[in-house]
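Here the protein sequences line up with chains A and B, keeping their order.
Per the working numbering, residue 7 is the first one in the first sequence, and the count goes up by one each step.
Per the working numbering, residue 1300 is the first one in the second sequence, and the count goes up by one each step.
Take a look at the structure set out below.
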Amino acid sequence: MQSSAHTADGAAPVPRLAAHFASLEVQTHAARLGMWLFLATEILLFAGLFVCYGCYRFLYPEAWAAGSRSLDLTMGTVNTVVLITSSLTAALAVHYAKEGKNKMVGIMFALTLLMAIGFLVIKYFEYSHKFHIGTLPGRYYTYEGMQMPGITLYFTVYFCSTALHALHVLIGMGVLTVAMIRAFTKADFGPNNFTMVELGSMYWHLVDLVWIFLFPMLYLV
Amino acid sequence: MTPSSSLDTAGAAPHGEHHDHHPSYLVDGTTIKSWLLTVDHKRIGLMFLFWVLLFFLVGGIFALLIRIELLTPGPTIMDAMTYNRTFTLHGLVMIFLFMIPAIPAVFGNFMLPLMLGAKDVAFPRLNLASLYIYLAGAVIALWGMLNGGLDTGWTFYTPYSTHTTTTVAPVLFGAFIIGFSSIATGINFIVTCHTMRAPGITWFKMPLFVWAIYATSCIQVLATPVIGLLLVLVTVENLFSFGMFDPARGGDPVLFQHLFWFYSHPAVYIMVLPAFGVMSEIVSTYSRKNIFGYRAVAYSSLGIAFVGFFAWGHHMFVSGQSTFDAGVFGVLTMLVGVFTAIKVFNWIGTVYKGAVDFKTPFAYFCGFLFFTVFGGMTGIALGTVSLDVPWHDTYFVVAHFHFIMVGATIMAFLAALHYWFPKMFGRMYHEGWGLVSAALIILGFNATFIPQFLLGNNGMPRRYYDYPERFQALNVASTAGASLLAFGFIIIALYLAYALVYGKAAGKNPWRSKGYEWVSESPPPTHNFVGPQPTFPEEPHFYVDPKKAEVPDAV
């Protein structure tokens, strides 16, 4: 990601072209391609967990059904809506960045971040409930109400995948915070320079996308 | 970014018209900081070379300790637990810290932009970051190895790895971090190939080394995340007993093996595909002939990368996998042999009627050809289920993967080191010593591992500390071979170190090669080329008349 050189006289911001690129288009193309490849690796990271999920679901269908029914569907649904909406505001930020409306970029990212915090708060309530009743992974599983082979594995998969997802939410929040601060303080995004906003937003869409897989897998099916 | 390492803005006039004003990358900035914070792909490649060689030394010393221990049955120089830790450390260091980064991170980094006529890789700062991520992972993993050690072998098979009291967590976490470095390098090279090619370099005018690195990078990007996840899961399980792969809690250890080999089998091609790329360059240069079947060689790299993803199950023939699965994985494994054979035939076709200039890198090419074909053929044999079952986890397997992974890669690494030494340092080494040490190393390698084929075939299992009397003669032979190998490496270290300081100037293109990387100076200036971006009107490896190969025009 290339930052822009802010001109001292207040003229239109000019994005900086690193010397090793032939042109600005090539530089943007490279940044975008790099990000897409990185996102592919992220999807593959989660794909490993999906394989574990599929394998154990096949081995322990009853435990999987019982485990998935024990989750709070309302909280999960609200979280899904919150996260999808946050993706919308992240996409709008890119739209405004292309128009050079830096204030709107900042506001949109601020909204995205608020919703991300909301997501994590709901997640916190879900987690603390599970900590309370003891539906935890592996040897920490103490809940008496649900006893069948493979049930502890369901919660292992549940906690591993949601925790890894939550970690990605936190990383995404960090990226968006940096972009938001830049938009507010430096106001240097514009038609020629929105790579950072675009890539940050792409990362946020990935976080959203992974959740869109996790939600039906863990809560619905 | 420091002033010395920041890149000039495009179009800004360089410091002068004369070549003298463009110092080589080696002397452009001499402070420690100018090296440690550089974004120049050549300096990063050189720093990688330093660390990779250091870890090779560490792994090599531990290999020798294993060989000395196995010199006699029963305890020789260490106890059984130390032995377990020693072979684990040997495997881990050699695979994660040497073999995987060796050619891509050192020579890929150095040569890829030069071969594409680019000033640098696409993301220079990410490139530097990948060096430090690699070092951070190495430090964490080695710290774990020294504080308690790990006795699982480099494959970390569960449930043993989740129950052993040795330090699994830091070592696995270190390997996980090293994976990030591998991914970052892979992404960087793919994007570089897509966006940084000089005008005129179409996809099918890229040198074959670039093709090989491109295919390798695809594997790195696609396979590494899976093992990253797996290492995290095993670490978590080892620390907190989550039971993901623990049969006592309903977990499936075979699932671990699937996920592990989904990365670790393609990882073999991360090691060996760059080696194939190096050999394509070398065989063309020293035969003074255009590479035979350029497109077939390029496509077969992608073919190996692709098929390599569907062969992992051959590590699990005896894991309780169904006979049908085993058959499918066996056939898919043999497909790799088809693509590799395409390359081998094309190399031989290139040498045929060429004007062979038998220099040190070409000597390594000969060794490489033998190791690849012999190692590859034993691989086909091992891919046959009925043969794999008796050979499984014996020294036959050890000898096989050392032949193909280590033999082929070491040959290519040394060939690349000798071939590009003049380009990287601007100096020549002593050809006679080069040939002597190449002969020593090829002989030593055969003497080390051919006895192991026989040992395995006679039934000696791998990773065992003790063995019956009747295996001793072959073990002694193997240890003797390993000593010869070590001796060869010492000679190389000595004459290359000498050449670094006292070697005579190499000039721009000492091998009269048509490779694109020889167009720039030796050693190249910081931004690789003096003046405007070069164009490459001819195809790479383009020799008009093998008997009178011409030096390419200076740009």
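Ideal placement from N, C-alpha and C gives every residue a C-beta, glycine not left out.
These numbers come from a predicted model, not from an experiment.
Touch check for the segment 1370-1388 of chain B and the segment 1447-1464 of chain B: three-plus C-beta pairs under 8 Å?
Judged by Cβ distances under 8 Å, the segment 1370-1388 of chain B makes contact with the segment 1447-1464 of chain B, as three or more pairs qualify.
Are the beta-carbon atoms of residue 1698/B and residue 1751/B separated by less than 8 Å?
Position 399 of the second sequence, counted from the start, is the residue given in the question as residue 1698/B. Position 452 of the second sequence, counted from the start, is the residue given in the question as residue 1751/B. Yes, the Cβ-Cβ distance between residue 1698/B and residue 1751/B is below 8 Å.
Going by C-alpha to C-alpha distance, which of 1714/B, 1694/B, 1395/B, 1636/B sits closest to residue 1676/B?
The sequence position of residue 1676/B within the second sequence is 377, counting from 1. Closest by alpha carbon: 1636/B.
Tell me which residues share the same chain as residue 112/A and place their Cβ nearer than 6 Å to its Cβ, disregarding the 5 neighbours each side in the sequence.
Indexing the first sequence from 1 puts residue 112/A at position 106. Around residue 112/A: 186, 189, 190.
Counting only beta-carbon atoms, is residue 210/A nearer than 8 Å to chain B?
The sequence position of residue 210/A within the first sequence is 204, counting from 1. The C-beta of residue 210/A comes no closer than 8 Å to any C-beta of chain B.
Give every residue of the same chain whose Cβ lies closer than 7 Å to the Cβ of residue 221/A, excluding the five residues on either side of it in the sequence, and list them in chain order.
Numbered from 1 along the first sequence, position 215 holds the residue referred to as residue 221/A. Its chain contains 82, 86 as the residues whose beta carbon lies nearer than 7 Å to that of residue 221/A, once the 5 sequence neighbours on both sides are disregarded; these appear in chain order.
For residue 1524/B, would you say it is in contact with chain A, using Cβ-to-Cβ distances shorter than 8 Å as the test?
If you number the second sequence from 1, residue 1524/B lands on position 225. Yes, residue 1524/B lies at the interface with chain A (some Cβ there is under 8 Å from its Cβ).
Which residues DSSP lists as bridging residue 1804/B, in chain order
Taking the first residue of the second sequence as position 1, residue 1804/B is located at position 505. In the DSSP assignment, residue 1804/B is bridged to 1726/B.
Residues in the segment 138-170 of chain A with C-beta within 7 Å of chain B's C-beta atoms, listed in sequence order?
Listed by position, the residues of the segment 138-170 of chain A near chain B (Cβ gap below 7 Å) are 143, 144, 145, 155, 156, 158, 159, 162, 166.
Can you tell me whether residue 196/A is helix, strand or coil according to DSSP?
Your numbering for residue 196/A matches position 190 in the first sequence. In the displayed model, residue 196/A falls within a strand according to three-state DSSP.
How is the alpha helix (DSSP H) around residue 210/A delimited, first residue to last?
Taking the first sequence and counting its residues from 1, one reaches residue 210/A at position 204. 201-221 is the extent of the alpha helix (DSSP H) around residue 210/A.
For residue 100/A, which residues in the same chain have their Cβ closer than 6 Å to its Cβ, ignoring the five residues on either side in sequence?
In the first sequence, residue 100/A corresponds to position 94, counting from 1. Counting only Cβ-Cβ distances below 6 Å, and skipping sequence neighbours, we find 203, 204, 207.
Rounded to a whole number of angstroms, what is the C-alpha to C-alpha distance between residue 1670/B and residue 1742/B?
Indexing the second sequence from 1 puts residue 1670/B at position 371. Indexing the second sequence from 1 puts residue 1742/B at position 443. Using only the alpha carbons, I get a separation of about 11 Å.
For the segment 1709-1721 of chain B and the segment 1391-1403 of chain B, state whether three or more C-beta atom pairs, one from each stretch, are separated by less than 8 Å.
Contact annotation: the segment 1709-1721 of chain B touches the segment 1391-1403 of chain B, with at least three C-beta pairs closer than 8 Å.
Validate contact between the segment 53-71 of chain A and the segment 1543-1557 of chain B using beta carbons, cut 8 Å, 3 pairs:
Three or more pairs of CB atoms, one per stretch, sit closer than 8 Å, so the segment 53-71 of chain A contacts the segment 1543-1557 of chain B.
Of all the residues that make up the segment 70-104 of chain A, which are near chain B by a beta-carbon distance shorter than 9 Å?
Those residues of the segment 70-104 of chain A that come within reach of chain B (Cβ to Cβ, closer than 9 Å) do not exist; the list is empty.
Any beta-carbon of chain B closer than 8 Å to the one on residue 54/A?
By 1-based counting over the first sequence, the position of residue 54/A is 48. Interface flag for residue 54/A against chain B is set, since a Cβ pair is found closer than 8 Å.
Taking the C-alpha atoms as reference points, what is the distance between residue 1482/B and residue 1768/B?
Counted from its first residue, the second sequence places residue 1482/B at position 183. Counted from its first residue, the second sequence places residue 1768/B at position 469. Looking at the two C-alpha atoms, the distance is approximately 46 Å.
So, is residue 1687/B buried or exposed, given that buried needs 16 or more other C-beta atoms within 10 angstroms?
On the second sequence, position 388 is the one that residue 1687/B refers to. Answer is buried; the Cβ neighbour count reaches 16.
Is DSSP giving residue 1821/B helix, strand or coil here?
Position 522 of the second sequence, counted from the start, is the residue given in the question as residue 1821/B. It is coil, neither helix nor strand.
Would a C-beta distance cut-off of 8 Å place residue 1821/B and residue 1725/B closer than the cut-off?
Residue mapping note: residue 1821/B aligns to position 522 of the second sequence, counting from 1. Residue mapping note: residue 1725/B aligns to position 426 of the second sequence, counting from 1. Residue 1821/B places its beta carbon less than 8 Å from that of residue 1725/B.
At what residue ranges does the segment 150-198 of chain A contain a whole run of the beta strand (DSSP E), taking only runs of 3 or more?
For the segment 150-198 of chain A, not a single whole beta strand (DSSP E) run of length 3 or above is found.
Under 8 Å between the Cβ atoms of residue 1833/B and residue 1813/B?
Mapped onto the second sequence, residue 1833/B falls at position 534. Mapped onto the second sequence, residue 1813/B falls at position 514. Against a cut-off of 8 Å, the Cβ pair of residue 1813/B and residue 1833/B comes out as no contact.
Thinking just about the alpha-carbon of each residue, which of 1642/B, 1508/B, 1436/B, 1472/B is nearest to the one in residue 1480/B?
To locate residue 1480/B, count along the second sequence from 1; it is residue 181. Cα-wise, what sits closest to residue 1480/B is 1436/B.
Beta-carbon contacts of residue 1556/B that lie in its chain and below 8 Å, excluding the five residues immediately before and after
In the second sequence, the residue the question calls residue 1556/B occupies position 257. Cβ neighbours of residue 1556/B beyond the five flanking positions: 1456, 1614, 1615, 1618.
When you compare each of 1700/B, 1403/B, 1428/B, 1789/B to residue 1563/B by their alpha carbons, which one comes out closest?
Within the second sequence, the letter at position 264 stands for residue 1563/B. Distance check between residue 1563/B and each of 1700/B, 1403/B, 1428/B, 1789/B places 1700/B closest, using alpha-carbon atoms only.
Under a three-way DSSP split, which group does residue 1856/B fall into?
Nothing in the structure corresponds to residue 1856/B, since chain B is present only between 1300 and 1854.
Going straight from the alpha carbon of residue 1363/B to that of residue 217/A, what length do you get?
As a working mapping, residue 1363/B is identified with position 64 in the second sequence. As a working mapping, residue 217/A is identified with position 211 in the first sequence. Rounded to the nearest whole angstrom, the C-alpha separation of residue 1363/B and residue 217/A is 50 Å.
Cβ of residue 1548/B less than 8 Å from any chain A Cβ?
In the second sequence, the residue the question calls residue 1548/B occupies position 249. With 8 Å as the cut-off, residue 1548/B counts as an interface residue toward chain A.
Please classify residue 1309/B: does DSSP put it in a helix, a strand, or coil?
Your numbering for residue 1309/B matches position 10 in the second sequence. Residue confidence is low: residue 1309/B scores 37 on pLDDT, short of 50, so the model does not pin down where it sits. No coordinate-derived value is stated.
Find the nearest neighbour of residue 213/A within the set 88/A, 68/A, 25/A, judged by alpha-carbon distance.
Here residue 213/A is taken as the residue at index 207 of the first sequence, counted from 1. Residue nearest to residue 213/A within the set 88/A, 68/A, 25/A is 88/A (criterion: CA-CA distance).
Closer than 8 Å to chain A by CB, residue 1703/B:
Residue numbering aside, residue 1703/B sits at position 404 when the second sequence is read from its first letter. So, not an interface residue.
Beta carbon of residue 1639/B, beta carbon of residue 1569/B: below 8 Å?
The count along the second sequence starts at 1 and reaches residue 1639/B at position 340. The count along the second sequence starts at 1 and reaches residue 1569/B at position 270. With contacts defined as CB atoms closer than 8 Å, residue 1639/B and residue 1569/B fail to qualify as a contacting pair.
Report yes or no: is there a C-beta of chain B within less than 8 Å of the C-beta of residue 66/A?
For the purposes of this step, residue 66/A is taken as residue 60 along the first sequence, with counting starting at 1. At least one chain B Cβ lies under 8 Å of residue 66/A.
Listing by chain order, which chain A residues have their CB less than 8 Å from the CB of residue 1245/B?
Because residue 1245/B is not part of the residues shown, which for chain B are 1300 to 1854, the question remains open.
Compute the beta-carbon to beta-carbon distance between residue 1428/B and residue 26/A, rounded to the nearest angstrom, for a pair I have assumed lies under 8 Å.
On the second sequence, position 129 is the one that residue 1428/B refers to. On the first sequence, position 20 is the one that residue 26/A refers to. With a Cβ gap of about 16 Å, residue 1428/B and residue 26/A do not count as contacting.
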